[in-house]
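Below: the structure, in structure tokens.
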Amino acid sequence: MSLAPSLGFGLGLRVDHYETILADRPAVDWFEALTENYLVPGGKPLDNLMRIREHYPMVMHGVSMSIGSTQPLDRNYLAQVKALAARLEPHWVSDHLCWTGIAGRNMHDLLPLPYTEEALKNVVERVRTVQDILGRRILLENVSSYVTYRDSRLTEWDFLREIAVRADCLILLDVNNIYVSSVNHEFDPVEYLSAIPVDRVQQIHLAGHENHGDYLVDTHDHPVPDPVWELYARAVSRFGNVSTMIERDANIPPLEELCSELDEARRLAGRTPARAA
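Reading the sequence shown from the start, the letters are residues 792 to 1068 in the working numbering.
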């Protein structure tokens, strides 16, 4: 197994920036498209996406696969994802290591899993099925969390590592989510990074969060804060030149402001020696 070459430094594609991207062609290496925004086979969103695709590499990032659920996989949804991927030709497709609803209802939240062998086996089987349906290896992203389960017997990082190895999938490592969860659950985020296999990390997310004193909330509505930049430097040191992007989902600033923040990621990665093989 080998990772795809790094795409460099990218941004999440947001409606607010469509016109600027098409008019100015900013110095962004690639964009990440939110899968669910473009599943309708037509219309203005898809037209804008395909126009931007003519000038920039793309990846797809979903929020509705519910890979950790015990409900049957939504094969209609997966067929739509596969059709979009055939049209967009993304470099890869990702979603979250979580569950998102029950009894056919999407709760529109990324809900954490119990870290047990039973849950692990369930996720591995579902990932293998999804990869067979899509005809490609997928990336799974670690989510931020605010509760834990009494039945958990594994650490989050051991759970993520085992799924990647057993299901032969890849990892989208969200550095902000690691930091948020490390504060909320009082673990060492560096220990988390150290446990993740270098040859499974295809992409990195950076984002901001809200600090509520004794807990953090992953909001994606602030610039990347200093502790996340510091943890990102650790990630670069371990994983090397991995495709990195910044997410902003609310309080979205002008594109040039996000490009300046992305330049900080470039500078930090450029001055951080990589120890990865």
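The beta carbon of each residue, even a glycine, is placed where N, CA and C say it ideally should be.
Keep in mind the model is a prediction, meaning the values are calculated, not measured.
Judged by their CB atoms, Met851 and Ser885 are nearer to each other than the 8 Å cut-off.
Between Leu875 and Tyr847, the gap from beta carbon to beta carbon reaches 8 Å or more. Around the beta carbon of Gly833, fewer than 16 other beta carbons lie within 10 angstroms, which makes this residue exposed.
Taking a contact as a CB-CB distance under 8 Å, the pair Leu901 and Val938 does not count as one, their CB atoms being some 12 Å apart. Rounded to the nearest angstrom, the gap between the Cα atoms of Glu1052 and Leu911 is 36 Å.
Put simply, of Ala824, Gly801, Val934, Ile924 the residue whose alpha carbon is nearest the alpha carbon of Gly859 is Val934. A buried status is given to Val1015, since no fewer than 16 other beta-carbon atoms sit within 10 Å of its beta-carbon. In this structure, DSSP gives Gly892 an extended state, which the three-state scheme calls strand.
Taking 4 residues as the shortest admissible run, the region 869-933 contains the following complete alpha helix (DSSP H) segments, listed from N- to C-terminal end: 908-925. For the 8 Å CB-CB criterion, Ser857 and Trp890 form a contact. Collapsing the DSSP output to three states places Asp1012 in coil. The region 984-994 makes contact with the region 956-971, as at least three CB pairs between them are under 8 Å. Judged by their CB atoms, Asn897 and Thr861 are not nearer to each other than the 8 Å cut-off. The three-state reading of DSSP puts Phe1030 in helix, counting H, G and I together. In this structure Leu1007 is in contact with Val971, their Cβ atoms being roughly 4 Å apart against a cut-off of 8 Å. His1000 and Leu1049 have their C-alpha atoms some 16 Å from each other. One thing to note: Gly799 has its Cβ no nearer than 8 Å to the Cβ of Phe822. The straight-line gap separating the alpha-carbon atoms of Asp949 and Arg844 is approximately 36 Å. Check the Cα spacing between Glu810 and each of Leu1059, Thr1063, Pro1045: the tightest is with Pro1045. Put simply, of Ile924, Asp942, Ser1034, Ala1041 the residue whose alpha carbon is nearest the alpha carbon of Ala1056 is Ser1034.
Between Leu1059 and Arg1025, the gap from beta carbon to beta carbon reaches 8 Å or more.
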